[in-house]
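One structure below.
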Amino acid sequence: MKSTACAPLPWSRKDAGAVVGVLPLCAVHAWPARVHVTSLPGGWCAASPSAAAALIEAATALTRRLDAAYLVLRDSPDPLPWADAAAPGADGWHTVARHVTVRQSLHAGADALWQGFSHDLRNLLRRGQRAGFELSWDADQLDAWYPAFAETAQRKGTPVLSRRFFHRAQAHFPERFTLLVMRHNGELVGGGCQFLLGQTVWCTWGAIRPPFLRQHATYLMYWEIMAHFAGLGWAAVDFGRSAADSGHAAFKRRFGQQQPLYQHVWLHRQRTLPGLIAQARPAGSLSLAQRLWQRLPPAVAEALSAIVRRRIPFG
Numbered sequence: 004m005k006s007t008a009c010a011p012l013p014w015s016r017k018d019a020g021a022v023v024g025v026l027p028l029c030a031v032h033a034w035p036a037r038v039h040v041t042s043l044p045g046g047w048c049a050a051s052p053s054a055a056a057a058l059i060e061a062a063t064a065l066t067r068r069l070d071a072a073y074l075v076l077r078d079s080p081d082p083l084p085w086a087d088a089a090a091p092g093a094d095g096w097h098t099v100a101r102h103v104t105v106r107q108s109l110h111a112g113a114d115a116l117w118q119g120f121s122h123d124l125r126n127l128l129r130r131g132q133r134a135g136f137e138l139s140w141d142a143d144q145l146d147a148w149y150p151a152f153a154e155t156a157q158r159k160g161t162p163v164l165s166r167r168f169f170h171r172a173q174a175h176f177p178e179r180f181t182l183l184v185m186r187h188n189g190e191l192v193g194g195g196c197q198f199l200l201g202q203t204v205w206c207t208w209g210a211i212r213p214p215f216l217r218q219h220a221t222y223l224m225y226w227e228i229m230a231h232f233a234g235l236g237w238a239a240v241d242f243g244r245s246a247a248d249s250g251h252a253a254f255k256r257r258f259g260q261q262q263p264l265y266q267h268v269w270l271h272r273q274r275t276l277p278g279l280i281a282q283a284r285p286a287g288s289l290s291l292a293q294r295l296w297q298r299l300p301p302a303v304a305e306a307l308s309a310i311v312r313r314r315i316p317f318g
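To convert a position in the sequence shown, counted from 1, into this note's numbering, add 3.
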């Protein structure tokens, strides 16, 4: 956690000596509010509903002990283990389901995946293949890829994750961190990095620079990731979180199946849902802060991002 303002608080539950559940937590010291507790994306991992419930009970007890504002179990693929028996807001719990992910099994192999695409999608992929992009798999090109990622984040009005964050991720997980970099006649196009966990390829961060969008570079990037890891024998790919009603989610659905993600929030000291979880702005709308962020010089935005992201929670 050296690149964030989080204190790690791992929890696990044992049954007769065997680990039957894990819930990684962090205490986030976010300005200007008091500390809050958050899970890592994915929430809990448990062998049974009872194990999940025990982990969540321990997490709420920790939130009380820290006198934190709230607890959020982020991007869980599962409802709360007692959801069928409790009304919304019961015992301080609230669930928001504004985000989805898109997953695709890779078991069938690249040829079968290609044949499963729509005729229109295959045509777009062929256009991307004919555009002359140069693709390389090399995590050591992180510094070459990063400017495209930073540009994309600023274009959306979002403070970017720091270079140090990615370098630390690569250093700590060298066998699990991969990077696809795309160029066109030597010019940086973009690409994406992935984490390899279990049997799933997690597409965590990606970016394509605007001049190359019309050449279908994003389509080609998605297909290259699928084909590459299908050839290596990986079981599935997860294309990451998007707002359910966004164009990003619609794009990803062309490559796989949509699954809901839940933000489970337990309110303690804070009496209302956190703004970034509760708010649902119309698609394409930006706050004043986002519009101002877009206007910053790129070097200034990158330097300020490390400070801002350490002190303000982002969804």
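Here a beta-carbon is modelled for each residue, glycine too, at the ideal position from N, C-alpha and C.
Taking DSSP's pairing of strands, which residues face residue 45 in a bridge?
Locating residue 45 in the sequence shown gives position 42, counting from the first residue. Paired residues: none, contrary to the question.
Verify whether the separation of the beta carbon atoms of residue 72 and residue 37 is less than 8 Å.
As a first step, residue 72 must be located in the sequence shown, where it is residue number 69. As a first step, residue 37 must be located in the sequence shown, where it is residue number 34. Yes.
Please work out which residues of its chain come closer than 6 Å, Cβ to Cβ, to residue 130, disregarding the five sequence neighbours upstream and downstream, and give them in chain order.
Taking the first residue of the sequence shown as 1, we reach residue 130 at position 127. Excluding sequence positions up to five before and after residue 130, its CB lies within less than 6 Å of the CB of 219, all in the same chain and listed in chain order.
Close beta carbons around residue 204, own chain, < 6 Å, minus the five adjacent residues each side:
Taking the first residue of the sequence shown as 1, we reach residue 204 at position 201. Cβ neighbours of residue 204 beyond the five flanking positions: 197, 232, 237, 240.
Looking only at C-alpha atoms, which of 135, 124, 228 sits nearest to residue 195?
Position 192 of the sequence shown, counted from the start, is the residue given in the question as residue 195. Comparing Cα positions, the closest option is 228.
Can you give me the C-alpha to C-alpha distance between residue 42 and residue 279, rounded to a whole angstrom?
As a first step, residue 42 must be located in the sequence shown, where it is residue number 39. As a first step, residue 279 must be located in the sequence shown, where it is residue number 276. C-alpha separation (whole angstroms): 16 Å.
DSSP state of residue 19 mapped onto helix, strand, coil
If you number the sequence shown from 1, residue 19 lands on position 16. Three-state DSSP puts residue 19 in coil, outside helix and strand.
Quick check: what's the CA-CA separation for residue 58 versus residue 27?
Here residue 58 corresponds to residue number 55 of the sequence shown, with the count starting at 1. Here residue 27 corresponds to residue number 24 of the sequence shown, with the count starting at 1. Answer to the nearest angstrom: the Cα atoms are 10 Å apart.
Can you tell me which of the three DSSP states residue 258 falls into?
The residue given as residue 258 occupies position 255 in the sequence shown. In the three-state DSSP reduction, residue 258 falls in the coil class, being neither helix nor strand.
Compare the beta carbon distance of residue 152 and residue 208 with 8 Å and say whether it is the shorter of the two.
For the purposes of this step, residue 152 is taken as residue 149 along the sequence shown, with counting starting at 1. For the purposes of this step, residue 208 is taken as residue 205 along the sequence shown, with counting starting at 1. Against a cut-off of 8 Å, the Cβ pair of residue 208 and residue 152 comes out as a contact.
If you drop the 5 nearest sequence neighbours on each side, which residues of the same chain put their C-beta closer than 7 Å to that of residue 67?
Within the sequence shown, numbered from 1, the residue matching residue 67 stands at position 64. Annotation for residue 67: 271 place their beta carbon closer than 7 Å to its own, counting only its chain and skipping 5 residues before and after.
Do residue 176 and residue 206 have their CB atoms nearer than 8 Å?
Locating residue 176 in the sequence shown gives position 173, counting from the first residue. Locating residue 206 in the sequence shown gives position 203, counting from the first residue. In this structure, residue 176 sits away from residue 206, with a CB-CB distance that is not shorter than 8 Å.
If the criterion is Cβ atoms closer than 8 Å, does the pair residue 106 and residue 273 meet it?
On the sequence shown, residue 106 is found 103 positions in, with the first residue counted as 1. On the sequence shown, residue 273 is found 270 positions in, with the first residue counted as 1. Their beta carbons are not under 8 Å apart, which means residue 106 does not touch residue 273 by this criterion.
Using the three-state DSSP reduction, which class does residue 78 fall into: helix, strand or coil?
Position 75 of the sequence shown holds residue 78. In this structure, DSSP gives residue 78 an extended state, which the three-state scheme calls strand.
Less than 8 Å between the C-beta atoms of residue 32 and residue 264, yes or no?
Start at 1 with the first residue of the sequence shown, and residue 32 comes out as number 29. Start at 1 with the first residue of the sequence shown, and residue 264 comes out as number 261. Result no, Cβ atoms of residue 32 and residue 264 do not sit closer than 8 Å.
At 4 residues or longer, what runs of the alpha helix (DSSP H) sit wholly inside the segment 108-174?
Taking only runs of at least 4 residues, the alpha helix (DSSP H) segments lying wholly in the segment 108-174 are 113-119, 122-133, 145-158.
Ends of the alpha helix (DSSP H) at residue 63?
Residue numbering aside, residue 63 sits at position 60 when the sequence shown is read from its first letter. Judged by DSSP secondary structure, residue 63 falls within the alpha helix (DSSP H) whose first and last residues are 52-69.
Of the residues 292, 297, 304, 230, the one placed nearest residue 118, counting alpha carbons only:
Along the sequence shown, one-based indexing puts residue 118 at 115. Of 292, 297, 304, 230, the smallest CA-CA separation from residue 118 is found for 230.
Alpha carbon to alpha carbon, how far is residue 160 from residue 296? Give it in angstroms, no decimals.
Indexing the sequence shown from 1 puts residue 296 at position 293. Indexing the sequence shown from 1 puts residue 160 at position 157. One C-alpha to the other measures close to 5 Å.
Between residue 262 and residue 104, is the Cβ-Cβ spacing less than 8 Å?
Numbered from its first residue, the sequence shown carries residue 262 at position 259. Numbered from its first residue, the sequence shown carries residue 104 at position 101. With contacts defined as CB atoms closer than 8 Å, residue 262 and residue 104 qualify as a contacting pair.
Take every Cβ of the segment 242-258, pair it with every Cβ of the segment 108-115, and state whether three or more of those distances are shorter than 8 Å.
Too few Cβ pairs lie closer than 8 Å, so no.
Rounded to whole angstroms, what's the CA-CA distance from residue 267 to residue 123? Just pull it up for me.
The residue you call residue 267 lines up with position 264 of the sequence shown. The residue you call residue 123 lines up with position 120 of the sequence shown. Cα atoms of residue 267 and residue 123: separation of roughly 38 Å, rounded to the nearest angstrom.
Just to check my reading of the structure: residue 138 and residue 173 have Cβ atoms closer than 8 Å, yes? What is that Cβ distance to the nearest angstrom?
Here residue 138 refers to the residue found at position 135 when the sequence shown is read from its first residue. Here residue 173 refers to the residue found at position 170 when the sequence shown is read from its first residue. Not confirmed; about 19 Å, so no contact.
Alpha-carbon spacing of residue 69 relative to residue 292, whole angstroms:
On the sequence shown, residue 69 is found 66 positions in, with the first residue counted as 1. On the sequence shown, residue 292 is found 289 positions in, with the first residue counted as 1. One C-alpha to the other measures close to 31 Å.
Under a Cβ-count criterion, where at least 16 other Cβ atoms within 10 Å of its own Cβ denotes burial, should residue 320 be classed as buried or exposed?
Nothing about residue 320 can be reported from this structure: the residues present for the chain run from 4 to 318 only.
Same chain, Cβ closer than 8 Å to residue 149, five either side skipped, listed in chain order:
One-based indexing of the sequence shown puts residue 149 at position 146. So the qualifying residues of the chain are 166, 169.
Rounded to a whole number of angstroms, what is the C-alpha to C-alpha distance between residue 76 and residue 179?
Taking the sequence shown and counting its residues from 1, the one referred to as residue 76 is at position 73. Taking the sequence shown and counting its residues from 1, the one referred to as residue 179 is at position 176. The C-alpha of residue 179 is placed about 24 Å away from the C-alpha of residue 76.
Residue 78 versus 303, 299, 126, 246, residue with shortest Cα-Cα distance:
For this step, residue 78 is matched to residue 75 along the sequence shown. From the listed residues 303, 299, 126, 246, the smallest Cα separation to residue 78 is found for 246.
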